[in-house]
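If you're matching positions, the sequence shown starts at 2 in our numbering and goes up one per residue.
The beta-carbon is built from N, C-alpha and C at its ideal position, and this holds for glycine as well.
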Amino acid sequence: MRMVILGAPGAGKGTQARLISESQGIPQIATGDILRQAVREGTPLGREAQVYMDRGELVPDSVMIGLIRERLSCEDCANGFILDGFPRTLEQAKALNALLSDLGKPLTHVFDVEVPREELLKRLTGRRVCRQCSASFHLEFNPPRQEGVCDHCGGELFQRADDNAQTVGKRLDVYGEQTKPLTAFYRELGVLTTIDGTRDIGEVRKEFADLLGAVSTKQG
Ligand code: ADP
Ligand code: ADP
Ligand code: ZN
């Protein structure tokens with residue numbers, strides 16, 4: 002299963018990718034998490050990326066494509082992967098296709114999780130993320146069992162620097178301009194499935210499980 006989950010910031014990509022990763026036993030590759038870790042560690046990648054991330058803009062394609070090429074060549078991707086947050090531009094999508102077709106391992110699923118802007122704003126401003134394992138929670142829609150503490154690993158929850166009202170608006174605009182066009186690209190390739198992301202986490206999870214179950218049975 003080689004999968005891309007598309008969707009605006011706050012659509013629930015990370016939440017669902019984590020659940021699918023657990024149930025299917027394939028890695029979740031979240032480019033935002035990789036970049037935030039690089040920023041924390043102060044690596045050259047982190048120093049370059051931080052400027053863009055703070056402004057709510059996209060990190061340059063050349064940087065992101067290099068990063069994904071390296072990550073997909075890791076051993077743990079041999080049996081599949083879930084891309085969460087990549088690709089975000091047409092150039093990234095084309096580079097990904099080229100990379101995977103060289104390996105003879107094209108994408109098997111592309112999902113587009115759709116949620117209207119008003120709802121995205123509420124999700125992003127109430128989001129809290131685990132410092133240790135990057136799990137997402139929400140103050141209202143998906144609160145942790147204990148306030149400020151991750152259910153999965155006990156790590157501390159924090160609010161991302163870019164989840165403030167101003168940067169969120171910018172990120173949603175950037176999504177509309179640069180990433181939304183990818184749905185047409187993948188629709189033409191015949192691999193796109195649209196998911197109604199407005200329902201609660203359990204219902205969206207069930208739809209993913211049904212779709213993946215159906216497809217993997219068909220493929221044997
Ligand atoms: P993305 O990775 O697409 O940016 P997240 O998975 O981090 O999105 O989810 C954004 C926020 O919305 C988080 O606070 C998360 O807990 C919450 N959330 C995720 N899915 C849903 C849902 N179906 N309904 C309500 N809130 C959700
Ligand atoms: P969200 O969960 O809100 O969709 P991410 O955590 O995926 O956000 O990404 C946070 C930031 O990291 C983005 O605003 C962007 O600056 C950078 N980023 C992540 N993935 C990519 C990518 N594929 N291309 C360019 N920039 C990216
Ligand atoms: Zn955690």
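(request) Verify the contact flag: I202, CB atom, against every heavy atom of ligand 1, threshold strictly below 7 Å. (result) yes
(request) Using only the heavy atoms of ligand 1, determine whether one of them is closer than 7 Å to the beta carbon of G177. (result) no
(request) Measure the alpha-carbon distance for H139 versus A12 and round it to whole angstroms. (result) 13 Å
(request) Indicate, with yes or no, if ligand 2 has a heavy atom lying under 7 Å from the CB of L36. (result) yes
(message) ligand 3 and Q160: does the residue's C-beta get closer than 7 Å to at least one heavy atom of that ligand?
(response) no
(request) Run the proximity test for R206: is its beta-carbon closer than 7 Å to any non-hydrogen atom belonging to ligand 2? (result) no
(message) Quick test of the definition: if touching needs 3 or more C-beta pairs under 8 Å, does the segment 78-95 touch the segment 17-32?
(response) yes
(request) Answer yes or no: the CB of R124 versus the heavy atoms of ligand 2, is any distance below 7 Å? (result) no
(request) Quick one: give me the first and last residue of the beta strand (DSSP E) that S137 is part of. (result) S137 to H139
(request) Using the Cα positions of E189 and E157, report the straight-line distance between them to the nearest angstrom. (result) 43 Å
(message) Residues in the same chain with beta-carbon distance under 6 Å from L20, minus the five sequence neighbours each way, listed in chain order, please.
(response) R206
(message) Buried or exposed, going by whether 16 or more other CB atoms sit within 10 Å of the CB of T218?
(response) Residue placement at T218 is poorly supported in this model, since its pLDDT is 46, which falls under 50; the coordinates are not used for a value here.
(request) Check whether the Cβ of A18 lies closer than 7 Å to any heavy atom of ligand 3, and answer yes or no. (result) no
(message) Considering only heavy atoms of ligand 1, does any lie closer than 7 Å to the CB of K153?
(response) Note on identity: in this sequence residue 153 is His, with Lys being the wrong assignment. No; taking the cut-off as 7 Å, the Cβ of H153 has no heavy atom of ligand 1 nearer than that.
(request) Find out if the Cβ-Cβ distance for the pair I6, V114 is shorter than 8 Å. (result) yes
(message) Mapping the DSSP letters down to three states, classify N98 as helix, strand or coil.
(response) helix
(request) Out of C78, V64 and G15, state which residue places its alpha-carbon closest to the alpha-carbon of E92. (result) V64
(request) Report whether the distance from the Cβ of Q133 to the nearest heavy atom of ligand 3 is below 7 Å. (result) yes
(request) For T195, count neighbouring C-beta atoms within 10 Å of its own C-beta (all shown protein chains included) and say buried if the count is 16 or more, exposed if not. (result) exposed
(message) Strictly by DSSP, which residues pair up with P31?
(response) Here residue 31 is Ala; the residue named in the question, Pro, does not match the sequence. The partner list for A31 (beta bridge, DSSP) reads D85.
(request) For the segment 152-179, list the alpha helix (DSSP H) runs that are entirely contained and at least 4 residues long, ordered along the chain. (result) 166-175
(request) Mind checking which residues open and close the beta strand (DSSP E) that includes D113? (result) H110 to E115
(request) Starting from the C-beta of H153, find all residues in its chain whose C-beta is less than 8 Å away, skip the five residues before and the five after it, and write them out in chain order. (result) C131, C134 and A136
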